[in-house]
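This report refers to the structure that appears directly beneath it.
Number of protein chains: 2
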Amino acid sequence: MARYTIASAVRWQSLSEEERRSRLQRPAQRASEQLMRQVRDIIEQVEQQGDSALLELTQRFDNVSLDSPVLAMEQVETLAGRTEQKVKQAIDLAYDNIRRFHAQQQPQTVDIETMPGVRCQQRIAPLRKVGLYIPGGSASLPSTVLMCGVPAQLAQCNERILVSPPDKDGLLSPAICYAALKCGVTQVVLAGGAQAIAALAVGTQSINAVDKIFGPGNSYVTAAKQYVSQLAGGPAIDLPAGPSELLIIADDTADAEFIAADLLSQAEHGPDSQVILLSPSTKVVEATRAALQRQLAELPRAEITAQALASSSFIVTEDLTEAAAISQRYAPEHLSLQIKDAEDWIEQTDQAGSIFVGHYAPESGGDYATGTNHVLPTYGYARNYSSLGLADFYRRYTVQQLTPQGLSLLAPAITALAAEEKLDAHRLAVTRRLDSARMQADLQTATASTEGERQ
Amino acid sequence: MARYTIASAVRWQSLSEEERRSRLQRPAQRASEQLMRQVRDIIEQVEQQGDSALLELTQRFDNVSLDSPVLAMEQVETLAGRTEQKVKQAIDLAYDNIRRFHAQQQPQTVDIETMPGVRCQQRIAPLRKVGLYIPGGSASLPSTVLMCGVPAQLAQCNERILVSPPDKDGLLSPAICYAALKCGVTQVVLAGGAQAIAALAVGTQSINAVDKIFGPGNSYVTAAKQYVSQLAGGPAIDLPAGPSELLIIADDTADAEFIAADLLSQAEHGPDSQVILLSPSTKVVEATRAALQRQLAELPRAEITAQALASSSFIVTEDLTEAAAISQRYAPEHLSLQIKDAEDWIEQTDQAGSIFVGHYAPESGGDYATGTNHVLPTYGYARNYSSLGLADFYRRYTVQQLTPQGLSLLAPAITALAAEEKLDAHRLAVTRRLDSARMQADLQTATASTEGERQ
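Taken in sequence, the protein lines are chains A and B.
Going by this note's numbering, the first residue of the first sequence is number 9, and it counts up by one from there.
Going by this note's numbering, the first residue of the second sequence is number 9, and it counts up by one from there.
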């Protein structure tokens, strides 16, 4: 008999519209009033008392007494030196791939004349100050350091502040320190939760307020990021948050053991992880369910991992076209295409954060080392938000430069539109220039010089 | 004697840090509890009752009784035909310039092998459904239609829904209709305020919910955009809102009449418009203040325009370097450089939404016709948000495609990092593939074929 509860398979065509909606429904995401109040109080405390509030909150929540919220760079270096060789090599390889892929994403300046004498530019500037939040807890997460730190380094953001809750010794793991140094992080702050986000948003005596906050976190971090991004003039944030998701489309070329292993790698993130398998093959679906039972039994954290599988969906579709349509409707964070000629299906399944093509592209590959970013839109946000990329570490601004000739060419349009929009002073800003002796003289000088050039 | 109250000039060096902060302080931006409650009620009403709620709210707020919230395309065409010739030509010219400049901003696909057998792509897809909010009120705003509509058209967003409050006849202005048709808008909706944003966010019987909402609006629109963007799975929005701003840096090559005209074109947007002049030349500052008195007297809406000038700042700086530093600190929406060799100062003043270079680049040029976008970050958001551009109408997603060789190259890094992060199933998703007879066979086939190619 099956030891773990794994959701049964259903046939999409047999479901009512309401049942379909319910199958693809994400768990409700709403921070409780109580949590929001706590978060607001924490942010206000840090705003008013700065470093001392930060230290007090770290004592309360992380049970560590620190002298300063800043981990000195010498100490970061000492800790980094203790990283196991195997882990160092893994970070080196991941770093190189992430760097290679993100370096290709360099946004370009635009510089054109839209009309003679009207030069328009779209320029790019790195964000000056960015905060990179790295969750703490039971494990160290060097991969998240790389995903946020490599693009910040490539963009050359002036200040790249890494914040992460201290371990019980008031330190960070060697692997996090090693990754942080590789990314040229400029400051390491020992703080977690809402208080860490508060410090990044409003600044303290020892930490500068930043322009944008990146990185995942628990419900306090998520609520705090949302809260500070709504403050007037507050920092930007990378993405709205939600539980992690994997949707797999498989046909009968797929290997049930591979599918099961991928579903489990998603499920182990926690009970609210979303796991969906779509296949036109009942055989593949049932083989996967059986493989899950076997593989679960071998996992150290089987009970926790099994929780996400109880609410997962195993859906039998008419064909791959129907599977693709369901995936588009759901817009998963991670989409795995374990089908024949998988590459041909990418465009039809493009509403996803990151797509894993073929039988040899496990989701955990992208989590760590292929080179793509693992900070991705979830909760259906793949429809309208982008996967994290180098562009998110820059801002774009525009420039226009007009000669007197350029302005005189634009003048009829500006004045007519300003009149239509009843903005008289907008119109006068043009006509006062046009009517001025200065502009008339400059126009004549330019005409004369053009004629001079012609002769 | 001066008829209008215009703030006096102050010398930056004579101000305390507190006075400096106060000079550059934006007006508080916080929607009242009452407004937020109203907005929430309106959104819930539209969510529950759809079109009928929309029609009822349009009756209540716009005093117009409509049969449908959708303005039929034939009617849009009829109305567009009534546009004055001069306005048509102005829209045509502005459209061409905006299109030329935005067409250059096409985001590019990235497609590389980060390692042999590890192909990573960053792909681009247009947002499917976008909503373009065009404010109504006393004047028609065809320029905003172009600023949102042209990039939506270039990106080929499938649905481009224009929403705007109806005039007293239940229609829209000819100029708005003409601009909407040029941009290939797919649907025109007669609704304004929070109810219009609600319809775009949650959809009604006749209006599809959209992925992202663009465009400026009054305090109800702003509060509603903020509210719906915070709903779990809600639409994205273009930019956080704030009152419009112009900061001018001028030296003694500047013309006080030009400066005054530009300051007035900013001030006429309303009493909360922010207007700042920085100059090392007391003479230029005082000449500008005198010119403002003269020019105000000639303006039809002088009283309203003068209100913004009462709280404006005229600051005398030590030199242009100090002026640039103040501008960076303020991070204005619009920055005008009316100085000698203005181009050389752009990089030192880059924290701005849009920069107007030289004596012949009035801000109203960029508002309408140079080609740059007039939807810009204000309220200091020029530090961390981008000026609206073509990229905002796309989403980016990533793809990875691995051969068995590629996966075996990545395997040591993935398994070491998964072990470090205590994610066993992540590790097993790789090792189960590696250990499978299938992958071993595929690896051998590939090796054999490579050797075959070599021979």
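Backbone N, C-alpha and C fix where the C-beta goes; we use that ideal spot for every residue, glycine too.
Every value quoted in this text rests on a predicted model; they were computed, and no experiment measured them.
Buried or exposed by the 16-neighbour rule on C-beta atoms within 10 Å, applied to residue i
{"i": "E429 of chain B", "result": "buried"}
{"i": "D219 of chain B", "result": "buried"}
{"i": "G89 of chain B", "result": "exposed"}
{"i": "L423 of chain A", "result": "It is worth fixing the name first, because residue 423 of chain A is Thr in this sequence and not Leu. Classification of T423 of chain A: buried, given that the 10 Å Cβ count is 16 or more."}
{"i": "T458 of chain A", "result": "exposed"}
{"i": "D119 of chain B", "result": "exposed"}
{"i": "D432 of chain A", "result": "buried"}
{"i": "Q93 of chain A", "result": "exposed"}
{"i": "R45 of chain A", "result": "exposed"}
{"i": "D352 of chain B", "result": "exposed"}
{"i": "D49 of chain B", "result": "exposed"}
{"i": "E311 of chain A", "result": "exposed"}
{"i": "Q33 of chain B", "result": "exposed"}
{"i": "K96 of chain A", "result": "buried"}
{"i": "D375 of chain B", "result": "buried"}
{"i": "Q161 of chain A", "result": "buried"}
{"i": "R29 of chain B", "result": "exposed"}
{"i": "E41 of chain A", "result": "exposed"}
Proximal residues of chain B, C-beta to C-beta of residue i below 7 Å
{"i": "R446 of chain A", "result": "D263"}
{"i": "I120 of chain A", "result": "R108, F109, Q112"}
{"i": "P243 of chain A", "result": "N392"}
{"i": "C128 of chain A", "result": "F109, T378, G379, T380"}
{"i": "D375 of chain A", "result": "H434"}
{"i": "D219 of chain A", "result": "R391, N392"}
{"i": "R38 of chain A", "result": "A240"}
{"i": "V95 of chain A", "result": "A424, E428"}
Contacts that residue i makes with chain B (C-beta to C-beta distance below 8 Å)
{"i": "I363 of chain A", "result": "Y405, T406, V407, Q408"}
{"i": "T453 of chain A", "result": "Result: empty, since nearest Cβ-Cβ is about 13 Å, beyond 8 Å."}
{"i": "R131 of chain A", "result": "I354, D358"}
{"i": "F401 of chain A", "result": "Chain B residues near F401 of chain A: none, gap ~11 Å exceeds 8 Å."}
Within chain A, partners of residue i - CB distance below 8 Å
{"i": "E429 of chain B", "result": "A147, S148, L149, P150, S151"}
{"i": "V4 of chain B", "result": "In the structure displayed, chain B extends from 9 to 463; residue 4 of chain B sits before or after that span and is not available."}
For residue j and residue i, the rounded distance between their alpha carbons
{"i": "M9 of chain B", "j": "Q21 of chain B", "result": "With a pLDDT of 48 at M9 of chain B, under the threshold of 50, the modelled position of this residue cannot be trusted; read the value that follows with caution. When rounded, the distance between both Cα atoms is 29 Å."}
{"i": "D263 of chain A", "j": "L43 of chain B", "result": "56 Å"}
{"i": "Q56 of chain B", "j": "A206 of chain B", "result": "11 Å"}
{"i": "V158 of chain A", "j": "S395 of chain A", "result": "15 Å"}
{"i": "G58 of chain B", "j": "H110 of chain A", "result": "44 Å"}
{"i": "G125 of chain B", "j": "P412 of chain B", "result": "8 Å"}
{"i": "T117 of chain A", "j": "R19 of chain A", "result": "51 Å"}
{"i": "Y387 of chain B", "j": "V171 of chain B", "result": "25 Å"}
{"i": "K348 of chain B", "j": "T261 of chain B", "result": "6 Å"}
{"i": "M81 of chain A", "j": "V196 of chain A", "result": "7 Å"}
{"i": "C185 of chain B", "j": "G178 of chain B", "result": "13 Å"}
{"i": "S287 of chain B", "j": "Q336 of chain A", "result": "55 Å"}
{"i": "T152 of chain B", "j": "V236 of chain B", "result": "21 Å"}
{"i": "S76 of chain B", "j": "P182 of chain B", "result": "19 Å"}
{"i": "Q346 of chain A", "j": "L417 of chain A", "result": "58 Å"}
{"i": "A17 of chain B", "j": "L307 of chain B", "result": "23 Å"}
{"i": "R440 of chain A", "j": "K233 of chain B", "result": "38 Å"}
Per DSSP, cross-strand counterpart(s) of residue i
{"i": "T406 of chain B", "result": "A:S362, B:Q130"}
{"i": "A509 of chain A", "result": "Any property of residue 509 of chain A remains undetermined from this structure, which presents chain A solely from 9 to 463."}
{"i": "K220 of chain A", "result": "A:V138, A:A244"}
{"i": "F466 of chain B", "result": "No answer is possible for residue 466 of chain B: it lies beyond the span of chain B, which begins at 9 and ends at 463."}
{"i": "S172 of chain A", "result": "A:L198"}
Neighbour list for residue i in chain A, Cβ cutoff strictly below 7 Å
{"i": "M123 of chain B", "result": "N105"}
{"i": "D260 of chain B", "result": "Those within 7 Å of D260 of chain B in chain A number zero; the least Cβ separation is about 14 Å."}
Any non-hydrogen atom of the ligand MG within 7 Å of residue i CB
{"i": "G223 of chain A", "result": "Absent from the structure shown: the ligand MG. Ligands present: none."}
Chain-ordered neighbours of residue i on chain A, where CB pairs are closer than 9 Å
{"i": "R302 of chain B", "result": "None at all; the shortest Cβ gap to chain A is about 11 Å."}
Within chain B, the residues that residue i reaches when beta carbons sit closer than 9 Å
{"i": "S214 of chain A", "result": "The premise fails here: S214 of chain A is roughly 19 Å from chain B at the closest Cβ pair, so nothing lies under 9 Å."}
{"i": "G397 of chain A", "result": "V118, Q130, R404, T406"}
Open item on the list: Quick check: the region 155-172 of chain B against the region 128-139 of chain B, are at least 3 beta-carbon pairs closer than 8 Å?
Closed with: Counting Cβ pairs under 8 Å, three or more are found: they touch.
TODO: Flag this pair as touching only if the region 55-73 of chain B and the region 201-208 of chain B have three or more C-beta atom pairs under 8 Å; answer yes or no.
DONE: yes
Open item on the list: Within 8 Å, do at least three Cβ pairs link the region 396-407 of chain B to the region 234-254 of chain A?
Closed with: no
Task: the region 243-258 of chain B contacting the region 273-290 of chain B, beta-carbon criterion three pairs below 8 Å - done: yes
Open item on the list: Check whether the region 319-330 of chain B and the region 286-300 of chain B touch, using three or more Cβ-Cβ pairs below 8 Å as the test.
Closed with: yes
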